[in-house]
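Encoded as C-alpha cells, the structure appears first; notes follow it.
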Amino acid sequence: MSSFEHYSGYEVIMAAMQVEKNGHLFYSTMAQRNDGVVSELFSWLAQDEVEHLDRLKRLAETFADDEAWGDDEFLPYLNRFRDSEIFPSAERLELVLGGADANLKLLELALEAEEKFAAYFNKASAIATSDEGRNAFTWLAQEEERHARIISARISKLTGDR
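Numbering (the working numbering), first residue to last: 243 to 404.
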C-alpha cells in the first residue's frame, strides 16, 4: 500500500468524481466491446455513473470553500481508494477480453469495482462531519451497492444458464 496522506472532504469528493469518470469510461468501453444483455447492462451502468458524477459536482460546489472540509476530516484509509484501484487497468481488461468466458469475467471485475467503491462511500459517510456530505455519501454507497446487486444477479443468470 502506498504512503498514507490526509485528505480533506473536498479532496475525497474530487477523487470520487475521478473514479466516477473512470467508471463511465470503463462501462462505456465495455458496452461497445460486447453485445446483447451484457452490453445493455454496461450502457446502463455508464449512464448511472454520469448521474453520480453530477451529484458529486453539486456537492463539491456547495463545499468547495467551506472550512468544515478540514484536512483532518478523512482518515488516511481513504488514500488506497485511488481510481486505479477501483476499476481494472487496461492491461487487465485486455487479458480478460482475450480469454474464455470474457463476459462473465468482465462482470466479475465490475462487481469487484462496485463493491470497492461502495466501501469507499460507506467509509466517507461514516466520517463525514456535515449532514449534506453524509447524506450524499450514503446515497452514493447505496447506488454502488445497487449496482453490485444487479451485476451479481447477471452473473448468477450467466452461470445458471450453463
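Ideal Cβ placement from N, Cα and C applies to all residues, glycine included.
Member of the options whose CA lies at the smallest distance from the CA of residue i
i              : options                           : result
isoleucine 392 : Arg300, Phe268 and Leu283         : Leu283
tryptophan 286 : Leu351, His266, Lys299 and Asp343 : His266
tryptophan 381 : Tyr362, Ser270, Leu337 and Asn264 : Tyr362
tyrosine 269   : Lys299, Phe329, Ala258 and Met259 : Phe329
glutamate 357  : Leu400, His389, Asn377 and Leu337 : His389
lysine 299     : Leu335, Glu336 and Met259         : Met259
glutamate 350  : Arg297, Ala395 and Met256         : Ala395
Cut-off 6 Å between Cβ atoms - residues of its own chain near residue i, not counting five sequence neighbours on either side
i             : result
glutamate 387 : Ala360
alanine 366   : Val254 and Phe379
glycine 312   : In this prediction, glycine 312 scores a pLDDT of 45, lower than 50, which makes its location untrustworthy; the coordinate-derived value is nonetheless stated afterwards. The answer is none, since no qualifying residue turns up.
valine 280    : Asn345
CB of residue i within 9 Å of CB of residue j, strictly
i             : j              : result
alanine 302   : tyrosine 252   : yes
glutamate 333 : leucine 295    : no
leucine 346   : threonine 304  : no
leucine 335   : isoleucine 397 : no
leucine 337   : arginine 275   : no
glutamate 428 : aspartate 277  : Given a span of 243 to 404 for the chain in the structure shown, any question on residue 428 remains unanswerable.
Residue i beta carbon near the ligand ATP (any heavy atom closer than 8 Å)
i             : result
threonine 271 : As far as ligands go, the structure on display features none, and thus does not contain the ligand ATP.
Proximity test, Cβ basis, 9 Å: residue i and chain D
i           : result
alanine 360 : Looking at the structure shown, chain D is missing, and only one protein chain is on hand.
Endpoints, alpha helix (DSSP H) assigned at residue i
i                 : result
serine 394        : 373-402
phenylalanine 359 : 344-369
arginine 334      : 332-339
7 Å Cβ shell around residue i - same chain, five flanking residues per side excluded
i              : result
methionine 272 : Phe284 and Leu348
alanine 383    : Ala360, Phe363, Asn364 and Ser367
lysine 399     : none
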